[in-house]
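This report refers to the structure that appears directly beneath it.
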């Protein structure tokens, strides 16, 4: 399913604080897309402990 990129973009553009995305992030490509939207960071908890993303 993936992260809600439209909602993340809307939030980043609407507020003047750092936005941290969470939910649906399961690949490095998801992280790259979120970074490209200008989000400050993202939470990858489940994807990390399930081994879908390696640090």
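Numbering (the working numbering), first residue to last: 5 to 59. Don't be surprised by glycine CBs; every beta carbon is placed ideally from N, CA and C.
Item to check | residue 8 burial status per 10 Å Cβ neighbour count (16 or more: buried) | outcome: Exposed is the call here.
Next on the checklist: So, for residue 48: in the same chain, excluding its five sequence neighbours on each side, which residues have a beta-carbon less than 6 Å away from its beta-carbon?
Outcome noted: Leaving aside the five residues that flank residue 48 on each side, the residues in its chain whose CB is nearer than 6 Å to its CB run, in chain order, 29 and 57.
Item to check | For residue 45, the first and last residue of its enclosing beta strand (DSSP E) | outcome: From DSSP, the beta strand (DSSP E) with residue 45 extends over 45-47.
Checklist entry - Based on Cα-Cα distance, which residue from 11, 31, 40 and 12 lies nearest to residue 54? => result Closest by alpha carbon: 31.
Next on the checklist: Can you tell me whether residue 36 is buried or exposed? The criterion is at least 16 other CB atoms within 10 Å of its CB, across all chains shown.
Outcome noted: Classification of residue 36: exposed, given that the 10 Å Cβ count is below 16.
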